[in-house]
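Here full-length UniProt numbering is used: the first residue of the sequence shown is 1, the next is one more, and so on.
Working notes, beginning with the structure itself.
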Amino acid sequence: MTTLSTPERRAGLSFEQTVPCSQAHRRCLGEVFVADTAALGGTEFLAAIQIPRAHSLWSDRVAPYHDPLAVIEAIRQAMTVIGHRYLQVPSGSPLSLQRMQADVEDLSALYEQPGTPLEGIVRIHTDRQSGGSGYFTDSSFTATLTVGAATALSVRGGGVAFPPEAYREFRTHQQQGRPPEGEPAAPVEPAPPGRVGRRDPRNVVIGDLPVDPGDSATMPLIVDQLHPSFFDHPYDHVPGPLMLEGFRQAALAIAGPQAVVALNARFSGFAELHGRLDYLARYDGDAEVDIALSQFGTTIAECLVELSPHPIDAQPRGALR
């Protein structure tokens with residue numbers, strides 16, 4: 001049972017059921033990770049989150065540590081739910097993440113406990129005020145996940161909410177300036193699952209690269225629109241969680257399977273569903289991998305990934321190849 005500190009206990013948060021799918025911008029019940037929320041007053045909020053034990057993507061890992069990107073996805077959902085419930089963000093408003101800094105504060109808090117899902121309390125502060133549309137206003141947030149008594153992970157970032165009609169007009173104008181969709185690209189050979197911290201080949205999202213890539217390498221992003229988690233519902237662009245997973249896998253592919261302990265990402269453009277997307281990863285040989293994502297000759301996102309070896313007492317589940 002999760003033990004809550006005094007403010008969380010007073011809030012009466014529950015893990016009994018998930019919030020409505022529409023509030024989390026998800027289509028499938030199994031893709032909703034937010035159980036409950038509460039307002040603490042002003043711009044402070046709480047959310048109860050839980051990551052399923054048998055999720056086809058987030059439970060697919062070779063080390064007995066929950067994936068920080070699963071937590072980031074849960075926090076992203078929590079921010080969306082809070083926007084709709086408390087900050088008057090109209091239902092159906094597209095949200096665009098512009099920047100994100102995530103830090104694993106205590107890796108041991110993400111250690112997999114047999115028979116127990118990862119669940120905890122996220123405390124969120126945002127500078128977005130309730131009332132008014134808030135459209136086109138860059139809103140910042142900070143979020144901290146507590147698992148039991150441990151501070152597990154913190155996220156800082158910001159983004160913009162679009163009016164639905166304005167978003168459609170913006171994307172139509174943007175796509176008119178892009179090369180038209182041509183012949184289907186040649187199939188990409190995915191990287192071996194173990195090389196990018198996965199066991200299921202379907203969850204590999206980058207193309208293979210040389211066995212010894214040196215200190216830099218280019219690898220394509222695999223956009224599978226039939227993937228049940230990344231494409232839980234239709235998109236007119238490549239979704240952010242898939243781009244982040246590509247950053248993570250590109251870092252592991254060039255630096256070797258390790259724990260991701262920090263991500264610092266910036267998004268400067270939408271990734272179209274057609275047109276090759278390439279990651280260029282540069283490894284400093286120590287702990288950091290600097291990665292840029294480009295399409296049509298333009299960099300549309302960048303991410304600095306910090307890695308750390310898993311503790312030596314953690315035995316990988318399944319052999320790497």
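Note that the Cβ used here is the ideal one computed from N, Cα and C, for glycine as well.
All of these numbers come straight from a predicted model, not from anything done at the bench.
Where the beta strand (DSSP E) containing residue i begins and where it ends
i	result
Ala281	Leu277 to Tyr283
Gln98	Leu95 to Val104
Glu302	Thr298 to Ser308
Glu169	Where Glu169 is concerned, there is no enclosing beta strand (DSSP E), although the alpha helix (DSSP H) it sits in stretches over Pro164 to Gln176.
Phe33	Run containing Phe33: none; DSSP gives neither H nor E here.
Ala191	First-last for Ala191: undefined, no H or E at that position.
Thr43	Neither: Thr43 is in no beta strand (DSSP E) and is coded neither H nor E.
Thr218	Ser216 to Pro220
Gly159	Ala150 to Ala161
Arg266	Ala259 to Phe267
Beta-carbon gap between residue i and residue j smaller than 8 Å
i	j	result
Val305	Leu277	no
Pro94	Pro164	yes
Gln249	Val196	yes
Tyr279	Leu221	yes
Leu97	Phe270	no
Thr116	Gln23	no
Ala281	Ala191	no
Leu40	Asn203	no
Asp224	Asp60	no
Cβ shell of residue i (< 7 Å), same chain only, five flanking positions each side left out
i	result
Phe33	Ile49, Gln50, Ile51, Glu73, Ala74 and Gln77
Gly158	Gln98, Arg99, Asp138, Ser139, Ser140 and Phe141
Glu105	Thr151, Ala152, Leu153 and Ser154
His66	Ile51, Leu110, Glu112 and Leu118
Gly131	Annotation note: pLDDT 48 at Gly131 (below 50); position unreliable, coordinate value reported separately. So the qualifying residues of the chain are Gln88.
Ser14	Ala35, Asp36 and Ala48
Below-8 Å beta-carbon distance, residue i vs any chain D residue
i	result
Ile291	No chain D is present in this structure, which holds just one protein chain.
Alpha-carbon spacing of residue i relative to residue j, whole angstroms
i	j	result
His125	Val89	16 Å
Thr3	Thr146	Low local confidence applies: a pLDDT of 47 at Thr3 is under 50, so the model's placement there is unreliable, with the coordinate-based value given in what follows. So the alpha carbons of these two residues sit roughly 10 Å apart.
Gln101	Phe141	11 Å
Thr298	Ala292	10 Å
Ala149	Gln175	48 Å
Ala109	Ala161	32 Å
Cys21	His227	18 Å
Tyr310	Ala63	Note that residue 310 corresponds to His in the displayed sequence, not to Tyr. The straight-line gap from Cα to Cα measures roughly 8 Å.
Phe274	Leu118	Note that residue 274 corresponds to His in the displayed sequence, not to Phe. So the two alpha carbons sit approximately 36 Å from each other.
Arg178	Arg168	16 Å
Thr37	Ile82	7 Å
Leu244	Ala47	22 Å
Glu44	Arg123	7 Å
Tyr86	Val289	38 Å
Arg156	Glu189	35 Å
Ser308	Gly256	10 Å
Val261	Ala251	12 Å
Ala186	Gly42	52 Å
Glu302	Asp103	17 Å
Glu181	Gly207	21 Å
Gly30	Gly194	25 Å
Glu272	Ala54	31 Å
Phe247	Leu107	20 Å
Ala70	Phe170	30 Å
Cys28	Asn264	29 Å
Ile300	Asp215	22 Å
Assigned exposure category for residue i - 16 Cβ within 10 Å defines buried
i	result
Gln295	buried
Asp236	exposed
Thr18	buried
His173	exposed
Gly12	exposed
Gln113	exposed
Arg198	buried
Ala166	exposed
Gly285	exposed
Arg321	Confidence at Arg321 is low in this model, with a pLDDT of 31, below 50, so its placement is unreliable and the value that follows should be read with caution. Exposed, by the Cβ-count rule.
Close Cβ partners of residue i (< 8 Å) along its chain, the five nearest in sequence each way excluded
i	result
Gly92	Pro164
Gly219	Correcting the residue identity first, residue 219 is Met in this sequence and not Gly. These residues qualify, in order along the chain: Ala191, Ile206, Gly207, Asp208, Leu209, Ala250, Ala253, Asp278, Tyr279 and Ala281.
Close Cβ partners of residue i (< 6 Å) along its chain, the five nearest in sequence each way excluded
i	result
Leu242	Phe230
Glu16	none
Arg26	Val32 and Asp232
Ala217	Leu209, Ile254 and Ala281
Start and end residues, alpha helix (DSSP H) containing residue i
i	result
Val289	No alpha helix (DSSP H) contains Val289, which is instead part of the beta strand (DSSP E) from Glu288 to Gln295.
Thr116	That residue, Thr116, is in no alpha helix (DSSP H); it is neither H nor E in DSSP.
Phe141	Per DSSP, Phe141 belongs to no alpha helix (DSSP H); it is in the beta strand (DSSP E), Ser139 to Val147.
Val71	Pro68 to Tyr86
Ile206	Segment: none, Ile206 is in no alpha helix (DSSP H) and carries neither H nor E.
Glu245	Gly240 to Ala255
Residue i: CB within 7 Å of a non-hydrogen atom of the ligand MG
i	result
Ile124	Among the components of this structure there are no ligands whatsoever, and the ligand MG is therefore not found.
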